[in-house]
Amino acid sequence: MDTAAEAASRTRINPVVELARDGEVAVLTVDSPPVNALSAQVREGLVEGIRQTDADPAVKAVVLHCAGRTFFAGADISEFGKPPKHPNLPEVVDIIEASTKPVIAALHGTALGGGLETALACHYRLAVPSAKCGFPEVKLGLLPGAGGTQRLPRLVGPERALDLVTSGSQISAKAAQEMGIVDELVEEGSLPASAIAFARKVVAENRPLKKVRDLDDKIEAARGRPEIFDDFRKANARKFRGFQAPEYNIRCVEAAVNLPFDEGIRLERQLFQELVSGEQSAAQRHVFFAERQVWKIPDISDDTPTLPVKKVGIIGAGTMGGGISMNFANAGLPVTIVEAKPEALERGLSVIRRNYESTAKKGRMTAEDVERRMELLTGSLDLSALADCDLIIEAVFENMAIKKEIFTKLDAIAKPGAILATNTSYLNVNEIAAMTKRPEHVLGMHFFSPANVMRLLEVVRGEKTDKRVIATAMQLGRKIGKIAVLVGVCHGFVGNRMLEPRQREANRLVLEGAMPWDVDRVLYDFGFPMGPFAMADLAGLDIGWSRETSKGETVREILCEQDRRGQKTGAGFYDYDENRKAKPSGLVEQIILDLSAKKGITRRAISDQEILERCVYSMVNEGAKILEEGIAIRSSDIDIVWINGYGWPVYRGGPMFYGEQVGLAKVLERLRDYEAKLGPEFKPSALLERLASEGRGFREL
């Protein structure tokens, strides 16, 4: 219970900000769960708090502190794209910095984005050792727009500032102190008392108001040295390809070095406004929310009980089985891997060890970590070794007969209550589940290759899969660091089903007049890491091909018959040098021309726009059919599949978001044109037609 005097010294400025007095030190406490985002209400409270402390002669210093688990974890993203509410964050930051009393920021949890900008406007910064700082705005296609790009270089120098604002990564309080962002580390759990003690010391020693905007020593040395920025751009060109926000962040740091503070602030504000109103940031913010939405399943509540999974079994020690096993070992779960032949098992376990040792060599884990993880893996040649597993994932060759045989055997071996999962990419999970007496415990868990690296996991819900089994699979996905998307049963589920029309159009375009390198260039320029033909060469053209059944009816078949199997043979759609650098092949060009002639196709000039529309709009159309059939829960789930599993550029928000940005009416119009000229493959989905006629988008469903 507060004493009457203590209660009297507290003033509630508004529902989320309180002003208290501790002698000559005022404490402004913000309590706006869950993460003290800098909402309009928080900003109003801060401005009023500073106004009151400035006007009170008894106050000699101010501590800015947040209740709950964190300091300000950032701006209120939900306000972006809406009419501005005053005071805006730049105004708040200026008011704090202009305070006539020293303001001390007390950091715990995370001080991110606008939260760190607020801290940088304070005159001193303290942090507990567990606190973290960072500017993650670039991940939302933005830049710190409240002076962050101008103040940070003045504290840490332009090189470190460039790295922090373009990576969006968080740093520890200790690193922040070493760089000069934080003045002092204080004992864990001691805030705000330690900050009040520090404030008293500042007052007693009559320390000056240390305004970051006035510092010059860390940026002075970089003036007239444009190579700092040019070299940084060159070093990161590949990583930043296609993104606007990193370049805008670089320009702002450059301005911090070369322009007076107020001019730098004006440029920062102008570039921030360009980004926040642009298509890339809208796309990246869409992805941010979509990644959080994906875990919400309408008919499975958060309190649905999950099944305990303490031991995992994997059938198959090949590329997929090995990668899947590593995911669970990384999460500390023991794994039994079953193979049919001893040499296959030995090879699989050695590949896993090599992968771990390679990670250790790069300094990302210790030798002890390698051994600890390897100890969690047990190999066996007997399916009955899986009898005590809580989850068994089959990861064998994509063949229905083999999978059915395995599930029939598993049904007899697995303990009651065990979850049986298939890592199929295309096949009907209901058919596989029907081989067991427990279809409610069967589902698909479609990992993407390499399974220990790729973030996406398609969780495939069978018609009889129990809700607890789905909840468990989703929770496990999170535990092993995946982004799990729940999908329904159809050929190829979401990702591979939408890949098919793109591949179909890429192959047709090549016979009609384009070349593989034309198609690849257009999709690479759109933002994919590589085009479909370069990707086919990387994966191997002979996947799913056999000489016995090959009829030489497609370019791929002809290439395989000529032993041009892709990068591994030094030739595929492209010719490769000893460094695997690709160049267009005259031989392939002739093969394509001959095949077009043989099929009676009159070749024509094909524009980049047609290549893009046919490859991408056909995917949007297929996505609309997937939504229509209820295979995906939301259009944003489809976007998450494509961003995390197929390299769709995050700054284009996913295929469904991109379709909306282009305009569904325009997509529909182009599909109808292509249907008239090229055939029924382009027939628009009924859902796309309906939404376009109503002027609505996929997100409104």
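So for the sequence shown, the UniProt record's numbering puts the first residue at 1; every next one is plus one. Don't be surprised by glycine CBs; every beta carbon is placed ideally from N, CA and C.
Would you tell me roughly how many angstroms separate the C-alpha atoms of Lys-211 and Phe-261, rounded to the nearest one?
Along the sequence shown, read from residue 1 onward, the residue named residue 211 stands at position 211. Along the sequence shown, read from residue 1 onward, the residue named residue 261 stands at position 261. Rounded to the nearest angstrom, the two C-alpha atoms are 12 angstroms apart.
Do the region 151-164 and the region 210-225 meet, that is, are 3 or more Cβ pairs less than 8 angstroms apart?
Cβ pair count under 8 angstroms is three or more, so yes.
Suppose you measure from the CA of Leu-457 to the CA of Arg-51; what does that come to, to the nearest Å?
Residue numbering aside, residue 457 sits at position 457 when the sequence shown is read from its first letter. Residue numbering aside, residue 51 sits at position 51 when the sequence shown is read from its first letter. When rounded, the distance between both Cα atoms is 51 angstroms.
Taking Gly-115 as part of the alpha helix (DSSP H), name the residues at either end of that continuous run.
Here residue 115 corresponds to residue number 115 of the sequence shown, with the count starting at 1. Residues 114-121.
Three-state secondary structure assigned by DSSP to Met-656
On the sequence shown, residue 656 is found 656 positions in, with the first residue counted as 1. Helix, per DSSP.
Report yes if the C-beta distance between Ile-294 and Asp-637 is below 8 angstroms; otherwise report no.
Residue mapping note: residue 294 aligns to position 294 of the sequence shown, counting from 1. Residue mapping note: residue 637 aligns to position 637 of the sequence shown, counting from 1. Reading off the sequence, residue 294 comes out as Val, not Ile. Yes, the pair counts as a contact, with Cβ atoms nearer than the cut-off.
Considering only C-alpha positions, which residue in the set Pro-439, Pro-192, Ala-451, Val-494 is nearest to Lys-467?
Start at 1 with the first residue of the sequence shown, and residue 467 comes out as number 467. Shortest Cα-Cα distance from Lys-467 to any of Pro-439, Pro-192, Ala-451, Val-494 involves Pro-439.
Residues in the same chain with beta-carbon distance under 6 angstroms from Ala-98, minus the five sequence neighbours each way, listed in chain order, please.
Here residue 98 refers to the residue found at position 98 when the sequence shown is read from its first residue. Sequence-distant Cβ neighbours of Ala-98 in its own chain, meaning closer than 6 angstroms and more than five residues away, do not exist here.
Could you pull the start and end residues of the alpha helix (DSSP H) that Asp-22 belongs to?
Counting from 1 along the sequence shown, the entry for residue 22 is found at position 22. Unbroken run through Asp-22 is the beta strand (DSSP E), 17-22; no alpha helix (DSSP H).
Assigned secondary structure, Ile-419 (DSSP; H/G/I helix, E/B strand, else coil):
Numbered from 1 along the sequence shown, position 419 holds the residue referred to as residue 419. Here Ile-419 sits in strand by DSSP.
What ranges does the alpha helix (DSSP H) occupy inside the region 318-406, keeping only unbroken runs of at least 4 residues that lie completely in it?
Listed in chain order, they are 319-330, 342-361, 367-375.
Beta bridge counterpart(s) of Tyr-574 as assigned by DSSP
Position 574 of the sequence shown, counting from 1, holds the residue named residue 574. Here Tyr-574 is bridged, per DSSP, to Pro-584.
C-alpha distance - Leu-38 paired with Gly-81, whole-angstrom precision:
Residue mapping note: residue 38 aligns to position 38 of the sequence shown, counting from 1. Residue mapping note: residue 81 aligns to position 81 of the sequence shown, counting from 1. Their backbone Cα atoms lie some 16 angstroms apart in a straight line.
Whole angstroms is fine: what's the gap from Asp-302's alpha carbon to Gln-475's?
Your numbering for residue 302 matches position 302 in the sequence shown. Your numbering for residue 475 matches position 475 in the sequence shown. If you take the alpha carbons of Asp-302 and Gln-475, they lie about 11 angstroms apart.
Taking the runs of the beta strand (DSSP E) that are 3 residues or longer, which of them lie wholly in the region 165-189?
If one requires a minimum length of 3 residues, the beta strand (DSSP E) runs lying completely within the region 165-189 are 170-172, in chain order.
Tell me where the beta strand (DSSP E) around residue 702 begins and ends.
The structure shown does not extend to residue 702, since the chain is modelled only from 1 to 701, so the question has no answer here.
Less than 8 angstroms between the C-beta atoms of Val-27 and Gly-45, yes or no?
Translated into the one-based positions of the sequence shown, residue 27 becomes position 27. Translated into the one-based positions of the sequence shown, residue 45 becomes position 45. No, these two residues do not count as a Cβ contact at 8 angstroms.
Distance, Cα to Cα, Thr-3 vs Met-179?
Indexing the sequence shown from 1 puts residue 3 at position 3. Indexing the sequence shown from 1 puts residue 179 at position 179. Because Thr-3 carries a pLDDT of 40, less than 50, the predicted location of this residue cannot be relied on, and the following value inherits that uncertainty. Going by the C-alpha atoms only, they are around 42 angstroms apart.
Does Gly-630 pass the burial test, meaning 16 or more other C-beta atoms within 10 Å, or should it be called exposed?
In the sequence shown, counting from the first residue as 1, residue 630 sits at position 630. It counts as exposed.
Rounded to the nearest angstrom, what separates Ala-61 and Arg-21 at their Cα positions?
Numbered from its first residue, the sequence shown carries residue 61 at position 61. Numbered from its first residue, the sequence shown carries residue 21 at position 21. Rounded to whole angstroms, the gap between the alpha carbons of Ala-61 and Arg-21 is 10 angstroms.
Give the C-beta separation of Pro-102 and His-123 to the nearest angstrom, bearing in mind that I take them to be a contact with Cβ-Cβ under 8 angstroms.
In the sequence shown, counting from the first residue as 1, residue 102 sits at position 102. In the sequence shown, counting from the first residue as 1, residue 123 sits at position 123. Contact between Pro-102 and His-123 is confirmed by a C-beta separation of about 5 angstroms, below the 8 angstroms threshold.
Alpha carbon to alpha carbon, what distance is there between Leu-215 and Gly-492?
In the sequence shown, counting from the first residue as 1, residue 492 sits at position 492. In the sequence shown, counting from the first residue as 1, residue 215 sits at position 215. Distance between Gly-492 and Leu-215, taken at the CA atoms: about 58 angstroms.
Examine the Cβ distances between the region 300-320 and the region 340-357 and report whether three or more of them are shorter than 8 angstroms.
Contact between the region 300-320 and the region 340-357 is present, because at least three Cβ pairs lie under 8 angstroms.
Span of the alpha helix (DSSP H) holding His-286?
Locating residue 286 in the sequence shown gives position 286, where the first residue counts as 1. Taken as a continuous stretch (DSSP letters only), the alpha helix (DSSP H) holding His-286 covers 279-293.
Please state whether the Cβ-Cβ distance between Ala-111 and Ala-119 is less than 8 angstroms.
The residue labelled residue 111 in the question sits at position 111 within the sequence shown. The residue labelled residue 119 in the question sits at position 119 within the sequence shown. In this structure, Ala-111 lies near Ala-119, with their beta-carbon atoms less than 8 angstroms apart.
At which residues does the alpha helix (DSSP H) containing Asn-644 begin and terminate?
Taking the sequence shown and counting its residues from 1, the one referred to as residue 644 is at position 644. For Asn-644, the uninterrupted alpha helix (DSSP H) run begins and ends at 635-645, by DSSP.
Considering only their Cβ atoms, is the gap separating Lys-139 from Gln-284 smaller than 8 angstroms?
On the sequence shown, residue 284 is found 284 positions in, with the first residue counted as 1. On the sequence shown, residue 139 is found 139 positions in, with the first residue counted as 1. Contact: yes.
Per-residue burial, Ala-58 [other beta carbons within 10 Å of its own, 16 or more giving buried]:
Start at 1 with the first residue of the sequence shown, and residue 58 comes out as number 58. The residue is exposed, with fewer than 16 neighbouring Cβ atoms inside 10 Å.
Do you know how far the Cα of Arg-580 is from the Cα of Gln-503?
In the sequence shown, the residue the question calls residue 503 occupies position 503. In the sequence shown, the residue the question calls residue 580 occupies position 580. Their backbone Cα atoms lie some 23 angstroms apart in a straight line.
3 or more residues per run - each beta strand (DSSP E) lying fully within the region 454-498
As far as the region 454-498 is concerned, its whole beta strand (DSSP E) runs of at least 3 residues are 456-460, 483-487.
Residue range of the unbroken alpha helix (DSSP H) whose run includes Asn-249
Numbered from its first residue, the sequence shown carries residue 249 at position 249. For Asn-249, the enclosing alpha helix (DSSP H) stretches over residues 245-258.
Is the CB-CB distance between residue 744 and Glu-137 below 8 angstroms?
Past the edges of the chain, shown from 1 to 701, lies residue 744, and the structure says nothing about it.
If you draw a straight line from the alpha carbon of Gly-313 to that of Ile-470, how long is it in whole angstroms?
In the sequence shown, residue 313 corresponds to position 313, counting from 1. In the sequence shown, residue 470 corresponds to position 470, counting from 1. Whole-angstrom Cα-Cα distance: 18 angstroms.
According to DSSP, simplified to helix, strand and coil, what is Ala-597?
Against the sequence shown, residue 597 aligns to sequence position 597. DSSP places Ala-597 in helix when its eight states are reduced to three.
Enclosing alpha helix (DSSP H) for Ile-96 [first to last residue]
Counted from its first residue, the sequence shown places residue 96 at position 96. For Ile-96, the uninterrupted alpha helix (DSSP H) run begins and ends at 89-97, by DSSP.
With Asn-14 as the anchor, note down where its beta strand (DSSP E) starts and where it stops.
Walking along the sequence shown from the start, residue 14 turns up at place 14. Taken as a continuous stretch (DSSP letters only), the beta strand (DSSP E) holding Asn-14 covers 10-14.
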